[in-house]
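Quick note, the sequences are listed as chains A and B, same order. Position 193, counted from 1, in the first sequence is what the working numbering calls 193; the numbers after and before it change by one each time, with no gaps. Position 80, counted from 1, in the second sequence is what the working numbering calls 1080; the numbers after and before it change by one each time, with no gaps. We put the CB at the ideal spot given by N, CA and C, even for glycine. Predicted model, so just to flag it, every value in this text is computed and none were measured. Right, one structure below, let's go through it.
Protein chains: 2
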Amino acid sequence: MAADTPQPWRDIEGLPEPPWRVARKPSSRAPLTRQAIVDAALRVLDSDGMDGLSMRRVGEELGAGAASIYWHVRNKDELLQLVFERVMEEAELPPPDPSRWQEQLGTLAVQMRAILNRHRDVARISLGRAPTGPTVAVFTEWMFTLLKPVGIPDKVIAYLGDLFGLYVGAFAFEESLGGEVLDIQGQPPEQFLEMIKDYMRSLPEDRFPYTRQAADLIFAGDRDDRYAFGVDLMIRGLQTFATEPPA
Amino acid sequence: MAADTPQPWRDIEGLPEPPWRVARKPSSRAPLTRQAIVDAALRVLDSDGMDGLSMRRVGEELGAGAASIYWHVRNKDELLQLVFERVMEEAELPPPDPSRWQEQLGTLAVQMRAILNRHRDVARISLGRAPTGPTVAVFTEWMFTLLKPVGIPDKVIAYLGDLFGLYVGAFAFEESLGGEVLDIQGQPPEQFLEMIKDYMRSLPEDRFPYTRQAADLIFAGDRDDRYAFGVDLMIRGLQTFATEPPA
DNA sequence: CGTGTTGTCAAACACCGTTCGAGAGACTCG
DNA sequence: CGAGTCTCTCGAACGGTGTTTGACAACACG
């Protein structure tokens, strides 16, 4: 190539780039921030569920490459933690009223479950995780303000947070599976359940009298009912620690 | 485990296999059986943990190819279910004695947790799963025999199994993570915990009096202590359903 | 003998989380 | 005005994953 030959017509300085070669639309994409990434991840989670939540998919949702995410977030696990904390902030705590502590605790339990169920598969993230930010402080203070006046010992209140979170998370997790673990055969869950019931009823009467009789009861009740039972049992247990008589 | 301890009520010999678990075929003389695969999977799980448990790895353990496994097992999830059920059969139930129901229930809880912790990461499998074979029948019957004489309503007993399993599983699951979720920063878990405590103590005194004071309490107590608390709370709650006075 | 049936498995498929290194763009300093 | 540095993006690649496919071997039965 004769590089030294003057070729002014070959000068491309200032010429517009042909549209088919523009690298990317300059500013159509929102800036990539931690915030935006968490938003996108939550959006993907809500629509595609946990199995659809891949780094590549989150990148796509942002109109960005998967690798870019790693500049803002250590790894997928940290991203999940952020999504979890963000969702937990949706919880609203009423002003604590010790005279109705059982009711308020029950309501909170219902609300937490609702939040975990509102965002698909968030319950799967929640397990073994706890909020670490200001949220946990607000919760703790709320619990103490509600339960200390009833006479429940500090240690019990302190441990209760864990237990409470564990139950709500585990229950919602089970729900999020939606019996998908149950179809170990090709059958739909309910049909499979019917099989188990039949199996139970077919057991020898002399050794399994109760089980035979309770086969229906064991699988009866909707999710709400069973959830409420667990919450109720915990509250009843708590009650035995209270020194102040219930209002 | 004392495998030689006589447990006639636990004997599942001669009980019919539930129809959904019948093996594909007796298989004349093959090195690869369902049984052998489950064994191998459990061996891999014990030594390499959940992350190391891949179909290829199980195949290798058997001196076979990964694809071969799919002849005997529908997919990985079914394999996990089988491993879970196998481990659950390690539980030993004492002869139910209603006069000591609280104690026996507590002991069972401790034992279940021990089993889940004995086999590395089995707790991770257990969540959202329940045994579906004869084991669940034996458990159910045991529960009823123990609790019905105390006057606890059938429905409560029926629901209790779920709740019990949920708590044990969720707790052991959390343990199996071993705080690995906590090192969202590079720090080791305990150091990170100290940070949270410091954070709590630094909160404004007027809005977070209890939290400031209870910062230590919240993270105090070893796992055993916290586990026992949850079990105790459930048993206390159960007690309120009993009509027969405690012995 | 042929013809199924049962069981094995290498190769391929379509993903995954994560790392690397080249680069673009914006800022600061001499 | 460079030159340098720092922030940020991302294509390509690495080493895995669960699962499917199709070819193939070993045996059973008529």
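Run through DSSP, which three-state label would residue 156 of chain A get? Helix.
Any beta-carbon of chain A closer than 8 Å to the one on residue 1106 of chain B? Between residue 1106 of chain B and chain A, the shortest Cβ-Cβ separation is not below 8 Å.
Residue 214 of chain A vs residue 1039 of chain B beta-carbon contact at 8 Å: In this structure, residue 214 of chain A sits away from residue 1039 of chain B, with a CB-CB distance that is not shorter than 8 Å.
Around the Cβ of residue 1142 of chain B, are there at least 16 other Cβ atoms within 10 angstroms (buried) or fewer (exposed)? That one is buried.
Would you verify that the beta carbon of residue 141 of chain A is, or is not, closer than 8 Å to some beta carbon of chain B? Closer than 8 Å to some Cβ of chain B, the Cβ of residue 141 of chain A qualifies, so yes.
Top-ranked residue by Cα proximity to residue 1077 of chain B, from B:1057, B:1219, B:1129: Checking every option, the nearest Cα to that of residue 1077 of chain B belongs to B:1129.
Contact between the stretch 1230-1237 of chain B and the stretch 234-241 of chain A (3+ Cβ pairs under 8 Å): Because the criterion of three Cβ pairs below 8 Å is met, the stretch 1230-1237 of chain B and the stretch 234-241 of chain A touch.
Note down, in chain order, each residue of its chain lying with its Cβ closer than 7 Å to the Cβ of residue 1125 of chain B, except the 5 sequence neighbours on either side. The beta carbon of residue 1125 of chain B sits closer than 7 Å to the beta carbons of 1080, 1083, 1084 from its chain, once the five residues preceding and following it are set aside; these are given in chain order.
Of the residues B:1058, B:1190, B:1146, B:1226, the one placed nearest residue 1101 of chain B, counting alpha carbons only: Nearest in C-alpha terms to residue 1101 of chain B, of all of B:1058, B:1190, B:1146, B:1226, is B:1146.
Cβ neighbours of residue 137 of chain A in the same chain (closer than 6 Å, five flanking residues each side left out): Exclusion of the five residues before and after residue 137 of chain A leaves no residue of its chain whose Cβ lies closer than 6 Å to its Cβ.
Under 7 Å from the C-beta of residue 177 of chain A: neighbouring residues of chain B: Within chain B, the residues near residue 177 of chain A are 1128.
Interface partners of residue 244 of chain A on chain B, CB under 9 Å: Contact note: residue 244 of chain A does not reach chain B at a C-beta cutoff of 9 Å; the least C-beta distance is about 17 Å.
Skipping 5 residues on each side, what residues in its chain have a beta carbon closer than 7 Å to that of residue 304 of chain A? Shown here, chain A extends from 1 to 247; a query on residue 304 of chain A therefore has no answer.
Can you give me the C-alpha to C-alpha distance between residue 233 of chain A and residue 1159 of chain B, rounded to a whole angstrom? Put simply, the backbone Cα of residue 233 of chain A is about 11 Å away from that of residue 1159 of chain B.
For residue 59 of chain A, which residues in the same chain have their Cβ closer than 7 Å to its Cβ, ignoring the five residues on either side in sequence? Setting aside the 5 residues that flank it on each side, residue 59 of chain A is surrounded in the same chain by 65, 66, 68, 69, each with a C-beta closer than 7 Å to its C-beta; the list follows chain order.
Determine whether the beta carbon atoms of residue 112 of chain A and residue 156 of chain A lie at a separation below 8 Å. Judged by beta-carbon spacing, residue 156 of chain A lies beyond the 8 Å limit of residue 112 of chain A, meaning their Cβ atoms are not closer than that value.
Segments of 3+ residues assigned as beta strand (DSSP E) that fall wholly inside the stretch 1120-1179 of chain B: Within the stretch 1120-1179 of chain B, no complete beta strand (DSSP E) run reaches 3 residues.
Could you say which of B:1037, B:1140, B:1166 lies nearest to residue 208 of chain A if we only look at CA atoms? Checked all of B:1037, B:1140, B:1166; the closest Cα to residue 208 of chain A is B:1140.
Sequence-distant residues of its chain with Cβ nearer than 7 Å to residue 1223 of chain B (five each side left out): For residue 1223 of chain B, where only same-chain residues beyond five positions count, the Cβ hits under 7 Å are 1175.
Reference residue 1088 of chain B, options B:1095, B:1055, B:1042, B:1104, closest by Cα: Distances from the CA of residue 1088 of chain B to each of B:1095, B:1055, B:1042, B:1104 were compared; the closest alpha carbon is that of B:1042.
Over what stretch of residues does the alpha helix (DSSP H) that includes residue 47 of chain A continue unbroken? Segment 34-52, the alpha helix (DSSP H) holding residue 47 of chain A.
With 8 Å set as the bound, which would you pick, yes or no: does the beta-carbon of residue 237 of chain A sit closer than that to a beta-carbon of chain B? Residue 237 of chain A counts as touching chain B.
Buried or exposed for residue 114 of chain A, going by 16 or more other Cβ atoms inside 10 Å? Exposed.
Quick one, which of A:52, A:86, A:47 has its alpha-carbon nearest residue 36 of chain A's? Closest option to residue 36 of chain A, Cα to Cα, is A:86.
Check the C-beta distance from residue 1133 of chain B over to residue 1171 of chain B and give it rounded, since I have them as a contact under 8 Å. With a Cβ gap of about 24 Å, residue 1133 of chain B and residue 1171 of chain B do not count as contacting.
Please return the same chain residues whose Cβ sits closer than 6 Å to the Cβ of residue 193 of chain A, not counting the five positions on each side in sequence. Excluding sequence neighbours, residue 193 of chain A sits near 219.
Which term fits residue 1063 of chain B, buried or exposed, when burial requires 16 or more other beta carbons within 10 angstroms of its beta carbon? The residue is exposed, with fewer than 16 neighbouring Cβ atoms inside 10 Å.
For residue 1121 of chain B and chain A, any beta-carbon pair shorter than 8 Å? Answer no: the Cβ-Cβ gap between residue 1121 of chain B and chain A never drops below 8 Å.
On the criterion of 16 or more Cβ atoms from any shown chain inside 10 Å, does residue 33 of chain A qualify as buried, or is it exposed? Residue 33 of chain A counts as exposed, since fewer than 16 other C-beta atoms from the protein chains shown sit within 10 angstroms of its C-beta.
Whose C-alpha, out of B:1150, B:1053, B:1093, is nearest the C-alpha of residue 1135 of chain B? Nearest of B:1150, B:1053, B:1093 to residue 1135 of chain B, Cα basis: B:1093.
Given this structure, state the Cα-to-Cα distance separating residue 1212 of chain B from residue 148 of chain A, to the nearest angstrom. Approximately 14 Å between the Cα atoms of the pair.
Using only CA atoms, which one of B:1056, B:1090, B:1091, B:1061 lies nearest to residue 1075 of chain B? Residue B:1056 is the option with its Cα nearest to residue 1075 of chain B.
Distance CB(residue 144 of chain A)-CB(residue 1227 of chain B) smaller than 8 Å: With a cutoff of 8 Å on beta-carbon distance, residue 144 of chain A and residue 1227 of chain B are scored as not near each other.
Cutting at 6 Å between CB atoms, please list the residues of its own chain near residue 106 of chain A, excluding the five before and the five after it. The residues 231, in chain order, have a CB closer than 6 Å to that of residue 106 of chain A in the same chain once the five nearest residues on each side in sequence are set aside.
Is the beta carbon of residue 1127 of chain B less than 8 Å from the beta carbon of residue 173 of chain A? With contacts defined by Cβ atoms closer than 8 Å, residue 1127 of chain B and residue 173 of chain A form a contacting pair.
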